[in-house]
Every structure is written in C-alpha cells, then in structure tokens.
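Structure first, commentary second.
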Amino acid sequence: MCHKSNYSSPKWWKESVVYQVYPASFNCGKSTTTTNGWGDVTGIIEKVPYLKSLGVDIVWLSPIYTSPQVDMGYDIADYKSIDPRYGTLADVDLLIKSLKDHDMRLMMDLVVNHTSDQHSWFVESASSKDSPKRDWYIWRPAKGFDEAGNPVPPNNWAQILGDTLSAWTWHEETQEFYLTLHTSAQAELNWENPDVVTAVYDVMEFWLRRGICGFRMDVINFISKDQSFPDAPIIDPASKYQPGEQFYTNGPRFHEFMHGIYDNVLSKYDTITVGETPYVTDMKEIIKTVGSTAKELNMAFNFDHMEIEDIKTKGESKWSLRDWKLTELKGILSGWQKRMREWDGWNAIFLECHDQARSVSRYTNDSDEFRDRGAKLLALLETTLGGTIFLYQGQEIGMRNFPVEWGPDTEYKDIESVNFWKKSKELHPVGSEGLAQARTLLQKKARDHARTPMQWSADPHAGFTVPDATPWMRVNDDYRTVNVEAQMSFPWEMKGELSVWQYWQQALQRRKLHKGAFVYGDFEDLDYHNESVFAYSRTSADGKETWLPVPSWSLPKKRTLS
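Each step along the sequence shown adds one to the number in the UniProt record's numbering, with nothing skipped, and position 431 is 431.
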C-alpha cells in the first residue's frame, strides 16, 4: 500500500465488543402480557444490565422488522415498522435509550439485497407489467415452455437455501419470473434502478436518525449482478439447478453501489459497518471494500474458517463433513491477521452467528467432560486476535448443538434445514445409511443450533419465557446445568477455576486493558506445524507489551461422521 497505514489508529468501533442478539430466542419480556414463547424487544431491554456486566459495547439485533418470517425476519415486509411479535418502534426507542444510559449502542441488520414478496414495493411491482415499480425487482420472461407446458426459468441458477429449487419464481398473473436467490418468498431488489438505491438510502437514514450506531449488511455483495444472467457451469450433473454465485457476487457495479452508500449516507455519521460477503475469499478483493481508504465498509465477515469442514469437490457444499487439521485453521486465521495489517484493512472476529452451528460443537469436543474447556479455549482465541469482536448470544456460556436424537421432522425449523431434510428423504429410504448420514449432518451443521432459546437459568424453559408458555423452538436439554445464572454465580475461588461465563468476562476485561497489544498489536504465529497448539504473539506498536496466547487443541476429538 502506498499510503500511510491507519491500522493502529484508534477508533471506538475497533475496540468495541459486539454482541449479536437473535431476538426470537433471546428473552421474552417478563413485563409484557404476551405468552407466545417468542423473544421480544422488552426482553432485550431487561437484559441490558446483564450485557453491560459481561463487557458488551454494542448490541447487534438480527431483523425485528415486520415480516412473514419465512426466513426468520430476513424476508422484510416493511423496513420502518417492527413486527408485532417483537414489539413497537416505541420499544426500540426505549432500547436505544437504555443502551445509551449504560454507555452502549445499538446496531441493526440491514437487509437490502431482497425483500419479502409481501413488501408493498413488491406487491405493487407484481400488480402489472406496467407498474411504476415493476423495475424495482428483477423480472424476466420464461426461456420457453417444457413438454408439459410449464415455464422454463431464465437460467439454471439454484436457490441458496434449497438447491433443488430454481432461483427464479414464476408469477402466474403477469406471466414472468422474478429472481429469488434465497427462497421463493424473498424477491431480489433491482439495484440497477436508481429509485431503489434512493429508497435504500432513505431506510438507512430513518434508522440512523433514530439513534442507532450502524449496520450489519446482509449478503451486501449480492446487490450487483451480471445483467446477462447466464447459465451457471454444471458442477453437479445430477442436479437440475446449479450454484450461480459467480454471477451475483461482487458484481460489476458492487463497489460503485457501496461508494454511493458511503457518500450519500454513511459519511454523514460516525458509524460501525460490517458486511456479510459470502463466497469472496480473495483478500485483495475484500480490501477494496474494507481498506481504511476504501470508503465502503469498516470490515466484513470472512467465512473461510466457518467452511473448514466442507468438502468442496462439487463446489461449495455446506452439507458435507471432513476431518480438518489445526494447521488449516491456523493458516486461515493467521493469514487474515497478517494481511489485514499489511494491507490496512480491519478484521471482524467471530466464531458464531445465527447462520452457523455452535462453535464448541464444531471446533472442539463438546461432550459433558470437555465442553467447558473447549469453550474457554475458543474464548482465549477470539479475545486475543486483532480486530473487532463479535460474540453471539449463548457463546459466553458455551451453548452447544442440540443432540442428534432430536427429530429432524419436528425440531428443525429453519427453511434451509427443512429443504435439506426433504431432499435427503427423497434420495434415501428410511433406515438407510444415507439418511442416517443426513441426520448427522443436520446435527453438526444446521443453523437451527444457534437459534435455540437462550439458557438463562434452571427454571422451566431455561427462564427464556414464563412457565405456561411454549417456546417457539425447543430449549436444549442441558439447560438445567448450562445456564447464565449458574455460571455467573459459580464459586470459582472454591473450585479453583472459572466458569465459561466468568472466563469470557475476564478475557474481555483483559483485552480492553491491553488493547494496544490485543486490538491493535502486531501478530506473529509460532510453531506453525504443531497440530496440538495454536501459539502466536501479540505485540503493541510501542513494543512495551508482548503476550503469548497458546490455545491448546490437545483434547480428544469427536468423530465427524458415525
């Protein structure tokens, strides 16, 4: 880089600890009269003192906007109203005030690549080919009709959350397809239309003026697409539809659109921004978005370490498992630590989110005997890497995946899991090895594991909701022993060790006290070829502090597939 590095320049968002709240599963407000078993904004307000005590600076909310909830709120029907099951705009204002009173901030999820098919914009767009909002979405005529008279989609792209389905949804009334990359209920906005871009700016301004501190931007690198919409290469000959991400990831106008967001909105505020940028692993490409002079985003989530278990012989394949070596994980994390410093970018440090299974179940041995040690190992790792920390609800107590005995037909709620299980049952007969393997894959990798209710106490439903309510999703069976109340009150002086929660609290305190080394400092990996420990040094810019974290993976491993 030819300019002076800004990597070590202090910024409030660099030093912050961001805590992601998945509202449906966080806490049901005890001061409300609702007993629907669905977390709400009032429930979050009640837990603000708890979050402060842990060491949180920013609360990031997954979507709470009005939504039919096909994809748990990522299908938005109104960007400026709150879904009634979560509360009201007045409740959000109270949350912002409560956080401010505790010297904390609120960050919102911004989902502007697509909307719900129930959004008023789409309803108007679908009303007629002559609608003024027709071009707000991506409509294309059928390529033709098959022998049965069924319309043929414009290309062979597969849906992301259901790869047996076309990424195009047929609209009978106007006899055209519209693009739906995630589910048939999530229509892609057409960013080629300047009116759409202006509407997005207006949504962002609405929330920033209300007092939030920034955005996590959902699949933001999908907003620019190859306008020729070509067929995707045949990766899996057995599948009718193929992954098409190369044609809608970091498309030809992506950086132009991101500069527009910055120039017209973000430049007027002191914000934190983080992008979800799937399928992009080229560090030089990501630096174009998160470099200190890029004027696009502060940082982006990198998913290389989240895909370390995937078998990619047929392209990107979430529903697969392989054994991995610690040196592979070291290579990924060390590479991002070094390159972001060298190229003047910034890392978003995370091991969990609402779209990933629990880290203690993925990276360590989550058995009763070793789960606590594994959770502390990961806490040590995350709190000593350079970048902004993103902590997911329940991670601070070592919540793990729910057991394999839970039935896929009843306990898995996520649309991606439902589609995978449906496909698996169509491919494999009952009692077959293939169906058993599919069940194991769900238990290891489904998004549902991150979405079980937060385990607050040993009370009924883990204290998530009142005893006579039914939680929207089943509480993990281990809540009587693994919960916040037990871990916060753990007699560590008598036991000679900390609970997972206490370990996280102290680790976050240590990070803030020694931010020169842990947040901004130099990173050097040590003993790289050691497959048992991940040793590295963190040294402050002034050279006065050097720390040597040594997370050890010397625990017995659990097999990936039985």
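Note that the Cβ used here is the ideal one computed from N, Cα and C, for glycine as well.
Beta-carbon proximity list for L110, same chain, < 6 Å, skipping 5 on both sides = Taken in chain order, the residues that qualify are F215, M217.
request  = Kindly provide the ranges of any beta strand (DSSP E) runs that are 3 or more residues long and lie completely inside the segment 50-103, ordered along the chain.
outcome  = Counting whole runs of 3 or more residues, the segment 50-103 contains the beta strand (DSSP E) stretches 58-61, 78-82.
message = Rounding to the nearest angstrom, what Cα-Cα distance links C213 and I272 in this structure?
response = Near 6 Å, if we compare the C-alpha coordinates of I272 and C213.
ask   = Where does G331 sit, in a helix, a strand or coil, going by DSSP?
value = Looking at G331 - three-state DSSP - the assignment turns out to be helix.
ask   = Can you check whether the CB of N156 is closer than 7 Å to the CB of D246?
value = First, the residue type needs correcting, since residue 246 is Gln and not Asp in the sequence shown. Taking 7 Å as the Cβ cut-off, Q246 and N156 do not qualify as a contacting pair.
Beta-carbon gap between residue 563 and A507 smaller than 7 Å = This structure cannot settle anything about residue 563, because the visible part of the chain is limited to 1 through 562.
ask   = With distances taken between CB atoms, is the gap from G275 to I220 smaller than 7 Å?
value = Yes, the Cβ-Cβ distance between G275 and I220 is below 7 Å.
key: CB contact flag (Y248, N190, <7 Å)   = For the 7 Å CB-CB criterion, Y248 and N190 do not form a contact.
inquiry  = Checking the sheet assignment: what are the DSSP bridge partners for D522?
reply    = Paired residue(s): T539.
query = Looking at the structure shown, is L179 part of a helix, part of a strand, or coil, going by DSSP?
reply = DSSP places L179 in strand when its eight states are reduced to three.
inquiry  = Please return the same chain residues whose Cβ sits closer than 8 Å to the Cβ of S532, not counting the five positions on each side in sequence.
reply    = Beyond the five residues adjoining it in sequence on each side, S532 comes within less than 8 Å, by CB distance, of L326, S552, W553, S554 in the same chain, given in chain order.
Reduced DSSP category for E316 - H, G, I as helix; E, B as strand; rest coil = Unreliable positioning characterises E316 in this predicted model, as indicated by a pLDDT of 49, which lies under 50. A coordinate reading is not provided.
task = Would you kindly work out how many angstroms separate the C-alpha atoms of D83 and S67, rounded to a whole number?
result = Each residue's alpha carbon lies about 6 Å from the other.
ask   = Is the CB-CB distance between V500 and D372 below 7 Å?
value = With a cutoff of 7 Å on beta-carbon distance, V500 and D372 are scored as near each other.
ask   = What does N347 pair with, by DSSP beta-bridge criteria?
value = Partner(s): A300.
key: Bridge partner(s) assigned by DSSP for D109   = DSSP output for D109 lists R216 as bridge partner(s).
Beta-carbon proximity check, H114 vs E188, cutoff 7 Å = Yes; because the gap between Cβ atoms is below 7 Å, this pair is in contact.
ask   = Span of the alpha helix (DSSP H) holding W168?
value = Premise fails: W168 lies in the beta strand (DSSP E), 168-171, not in any alpha helix (DSSP H).
request  = On a CA-only basis, which of S457, A90, V41 is nearest residue 563? Give me that one, please.
outcome  = Because the chain in this structure spans residues 1 to 562, residue 563 falls outside the shown range and cannot be described.
query = If you run the structure through DSSP and keep just helix, strand and coil, what is W157?
reply = W157 falls in the strand class under three-state DSSP.
message = Restricting to Cα atoms, I'd like to know which of Y86, K422, K445 is closest to V360.
response = Cα-wise, what sits closest to V360 is K445.
message = Please state the DSSP three-state secondary structure of A294.
response = The answer is coil: DSSP assigns A294 none of H, G, I, E or B.
inquiry  = Quick check: what's the CA-CA separation for M454 versus G162?
reply    = Their backbone Cα atoms lie some 28 Å apart in a straight line.
Where the alpha helix (DSSP H) containing V123 begins and where it ends = Counting along the chain, the alpha helix (DSSP H) containing V123 begins and ends at 120-127.
query = Taking buried to mean at least 16 other C-beta atoms within 10 Å of its own C-beta, is M494 buried or exposed?
reply = Here M494 is exposed. Its C-beta has fewer than 16 other C-beta atoms within 10 Å.
inquiry  = From the DSSP secondary-structure annotation, give me the bridge partner or partners of P151.
reply    = DSSP lists F145 as partners of P151.
message = Taking 7 Å as the threshold (C-beta atoms), are K129 and F206 in contact?
response = Their beta carbons are not under 7 Å apart, which means F206 does not touch K129 by this criterion.
ask   = How about V200 and V92: are their beta carbons less than 7 Å apart?
value = Not a contact, by the Cβ cut-off of 7 Å.
inquiry  = Let me check understanding here. Comparing Cα to Cα, which of T42, D202, V152, P549 lies closest to E382?
reply    = Minimum Cα distance to E382 is reached at P549.
request  = Select from G244, D226, I234, N264 the residue whose C-alpha is nearest the C-alpha of F254.
outcome  = Selection G244, D226, I234, N264 evaluated against F254 yields D226 as nearest (Cα-Cα).
inquiry  = Could you tell me the alpha carbon to alpha carbon distance between G386 and Y19, rounded to whole angstroms?
reply    = For G386 and Y19, the distance between alpha carbons rounds to 17 Å.
Among N302, E192, N347, F350, nearest to F257 - alpha-carbon criterion = The option with the nearest alpha carbon to F257 is E192.
key: Helix, strand or coil at F490 according to DSSP, with G and I counted as helix   = F490 carries a coil assignment under DSSP once its states are collapsed to helix, strand and coil.
query = Would the segment 116-136 and the segment 60-77 be scored as touching if the rule is three or more Cβ pairs under 8 Å?
reply = The way I'd put it, the segment 116-136 does touch the segment 60-77; three or more beta-carbon pairs between them come closer than 8 Å.
request  = Hey, could you find the ends of the beta strand (DSSP E) S116 is sitting in?
outcome  = Per DSSP, the continuous beta strand (DSSP E) segment holding S116 begins and ends at 114-116.
task = Can you give me the start and stop residues for the alpha helix (DSSP H) that G260 sits inside?
result = Segment 254-264, the alpha helix (DSSP H) holding G260.
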